[in-house]
DNA sequence: AATGCATGCGGCC
DNA sequence: TGGCCGCCCTGCAT
């Protein structure tokens with residue numbers, strides 16, 4: 001097509017702004033070659049002839065000028081570039097630091113990245129000595145150890161289910177008594193039950209929820225029963241053996257009436273003493289359901305800003321009537337369930353942005369760690385101390401884009417000193433040429449990064465992580481796959497199943513129970529002990545190397 | 001390989 | 001207050 005033809009069309013005039021070392025334009029042929037060669041061609045407006053902008057079909061837009069400058073993808077300005085150079089991401093210097101959000105530097109030179117104690121901001125004042133504190137210390141202080149144990153970090157993938165779910169994993173939960181059973185929920189509403197000790201033993205229930213499973217908890221009375229809260233607005237109660245499920249609460253009995261009325265359930269926890277399931281919705285309300293009668297108790301209570309999502313609920317492990325909530329209104333709040341009503345919170349813990357999670361410490365229940373979208377973990381060393389400001393803020397990359405499950409820092413339930421948390425990292429790091437997203441173990445008493453765990457085969461971001469309540473095991477939900485990590489020397493996998501990777505087919509709707517090695521019904525299965533069949537090519541690349549890695 | 005899409009949240013008007 | 005626009009490291013399907 002001749003250039004003249006293009007200029008007579010109604011499209012904005014296209015001008016090639018050749019910004020090579022020489023200021024002069026080259027011939028049109030050369031320009032076209034350069035257009036093909038250039039990777040980054042920016043389109044920007046510049047002031048042009050008035051008759052162009054008067055053209056009604058241009059709708060007042062100035063003609064488009066195609067610049068051949070190397071242009072920043074982030075701020076669209078010339079002179080620098082942002083984006084991946086190999087496996088290293090170069091920040092745009094015009095934007096605040098992607099890690100700590102402060103202007104004046106980039107992630108690479110961020111003081112929080114360089115600091116030995118990875119990004120700790122000390123509290124402006126520390127005052128943790130009121131009367132309650134001393135009473136607490138005398139009564140409960142012994143439940144946590146002041147001596148930090150030797151950290152055993154599960155840092156080797158020992159088995160995995162690739163593409164187990166049909167959508168990304170959103171929540172994980174360990175079985176309360178059976179050490180090898182892992183529950184997983186996904187964005188589509190499916191609930192998976194996986195015996196990772198036997199690797200092939202897996203079931204996916206697809207009819208419990210119709211969209212995101214946000215939280216799951218085992219029944220304290222019966223460990224074959226699990227409760228789940230979902231964005232479909234229901235709490236389910238499922239028998240894991242049969243998959244038979246009943247709905248304890250349905251906030252959308254009239255079905256879909258548009259996005260303004262559709263209620264979704266996010267935060268959920270159990271209050272054992274009250275035999276209650278507590279859930280909170282996307283409009284700021286808390287609900288309580290009695291699990292003996294399966295009926296709602298009382299009215300919904302507004303616990304966060306009206307219309308804002310409550311994403312997390314946690315009952316204190318020592319005093320279950322103490323409830324911790326967090327939400328999109330930038331607050332975490334502590335409540336007393338014995339006298340809870342709107343605006344009656346005991347404390348409000350302010351954050352700069354959305355709070356993804358807030359948890360009491362697992363043993364003494366006296367510490368709090370929160371994860372906020374401002375890329376900071378906040379630590380309160382004692383709920384009996386001064387809660388006006390956190391004891392520590394730890395800068396850590398976990399602000400997510402809209403398509404990821406929110407990151408949550410989770411305690412190590414086995415750590416007697418209550419100082420170790422695990423959380424996935426959003427920002428990628430260059431590991432010998434591969435851009436990987438590690439899973440971080442952080443000592444919240446110092447802010448120190450204790451370990452960063454990676455596997456070259458996990459190239460996706462891993463926002464969902466959980467540490468085993470009794471064993472040195474980490475499980476990770478990364479995209480649609482699940483990974484089990486153990487410490488390097490651990491031999492606790494059944495020998496015949498060691499290092500097995502199960503790959504589920506993408507068309508899997510419901511897991512077949514006992515996938516032995518010849519069972520291909522819901523996807524190919526592979527292990528390090530047998531040769532790979534010539535299965536699906538796209539999967540092959542990733543699990544081949546996993547197999548190589550786990551073969552020891 | 002390139003493209004499109006799903007759809008949360010902050011900021012701006 | 002509400003609607004609309006835009007988004008820096010997605011993941012997956014086509």
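Residue numbers (the UniProt record's numbering): 1 to 552. No residue lacks a Cβ here, since even glycine has one placed at the ideal position from N, Cα and C.
Within a Cβ cutoff of 6 angstroms, which residues of the same chain sit near residue i, ignoring the five residues on either side of it in sequence?
i: residue 218; result: 176, 226
i: residue 475; result: 172, 182, 466, 484
i: residue 246; result: 237
i: residue 72; result: 80, 81, 82, 92
i: residue 427; result: 397
i: residue 318; result: 365
i: residue 464; result: 169, 172, 405, 477
i: residue 87; result: 430, 433, 434, 435
i: residue 105; result: 97
i: residue 372; result: 351, 353, 355
i: residue 295; result: none
i: residue 425; result: 397, 437, 438, 440
Grab me the residues of residue i's own chain with a C-beta within less than 8 angstroms of its C-beta, minus the 5 sequence neighbours each way, in chain order.
i: residue 487; result: 152, 153, 154, 155, 156, 472
i: residue 342; result: 301, 302, 303
i: residue 293; result: none
i: residue 37; result: Confidence at residue 37 is low in this model, with a pLDDT of 33, below 50, so the placement of that residue should be treated as unreliable; the coordinate-derived value is given next. Cβ within range, chain order: n/a, list empty.
i: residue 375; result: 99, 100, 101, 395, 396, 397, 398, 399
i: residue 235; result: 227, 228, 229, 247, 248, 249, 265, 268, 277, 279, 289
i: residue 239; result: 224, 225, 245
With DSSP as the reference, identify every bridge partner of residue i, one or two as the case may be.
i: residue 343; result: Paired residues: none, contrary to the question.
i: residue 148; result: BP columns for residue 148 are empty, so no partner.
i: residue 159; result: 484
i: residue 314; result: 324
i: residue 359; result: 369
i: residue 237; result: 227, 246
i: residue 257; result: In DSSP, residue 257 forms no bridge with anything.
i: residue 271; result: 276
i: residue 288; result: 278
i: residue 217; result: 227
i: residue 439; result: 424, 453
Look at the alpha carbon of residue i and the alpha carbon of residue j, and state the distance between them as a whole number of angstroms.
i: residue 435; j: residue 385; result: 42 angstroms
i: residue 337; j: residue 269; result: 13 angstroms
i: residue 381; j: residue 411; result: 14 angstroms
i: residue 94; j: residue 75; result: 7 angstroms
i: residue 421; j: residue 479; result: 21 angstroms
i: residue 242; j: residue 223; result: 13 angstroms
i: residue 287; j: residue 180; result: 32 angstroms
i: residue 501; j: residue 161; result: 6 angstroms
i: residue 452; j: residue 481; result: 19 angstroms
i: residue 440; j: residue 448; result: 10 angstroms
i: residue 361; j: residue 77; result: 46 angstroms
i: residue 285; j: residue 261; result: 13 angstroms
i: residue 149; j: residue 415; result: 7 angstroms
i: residue 377; j: residue 409; result: 8 angstroms
i: residue 206; j: residue 166; result: 10 angstroms
i: residue 442; j: residue 358; result: 16 angstroms
i: residue 345; j: residue 299; result: 17 angstroms
i: residue 113; j: residue 216; result: 34 angstroms
i: residue 85; j: residue 458; result: 20 angstroms
i: residue 107; j: residue 89; result: 9 angstroms
i: residue 309; j: residue 369; result: 19 angstroms
i: residue 468; j: residue 174; result: 7 angstroms
i: residue 274; j: residue 334; result: 18 angstroms
Below 7 angstroms CB to CB, which residues in the same chain sit around residue i once its five sequence neighbours on both sides are set aside?
i: residue 210; result: 189, 232
i: residue 340; result: 301
i: residue 387; result: 347, 349, 380
i: residue 271; result: 278, 315, 320, 337
i: residue 454; result: 431, 436, 438
Can the beta-carbon of residue i be found less than 9 angstroms from the beta-carbon of residue j?
i: residue 314; j: residue 255; result: no
i: residue 214; j: residue 229; result: yes
i: residue 363; j: residue 438; result: no
i: residue 186; j: residue 169; result: yes
i: residue 417; j: residue 199; result: no
i: residue 407; j: residue 423; result: yes
i: residue 312; j: residue 282; result: no
i: residue 444; j: residue 419; result: yes
Report yes if the C-beta of residue i is less than 8 angstroms from at least one heavy atom of the ligand PLP; otherwise report no.
i: residue 434; result: Only the bare structure without any ligand can be found here, which leaves the ligand PLP out of the picture.
Stretch pair the stretch 330-337 + the stretch 295-315: three plus CB contacts closer than 8 angstroms: As far as the Cβ criterion goes, the stretch 330-337 touches the stretch 295-315, which means the pair count is three or higher.
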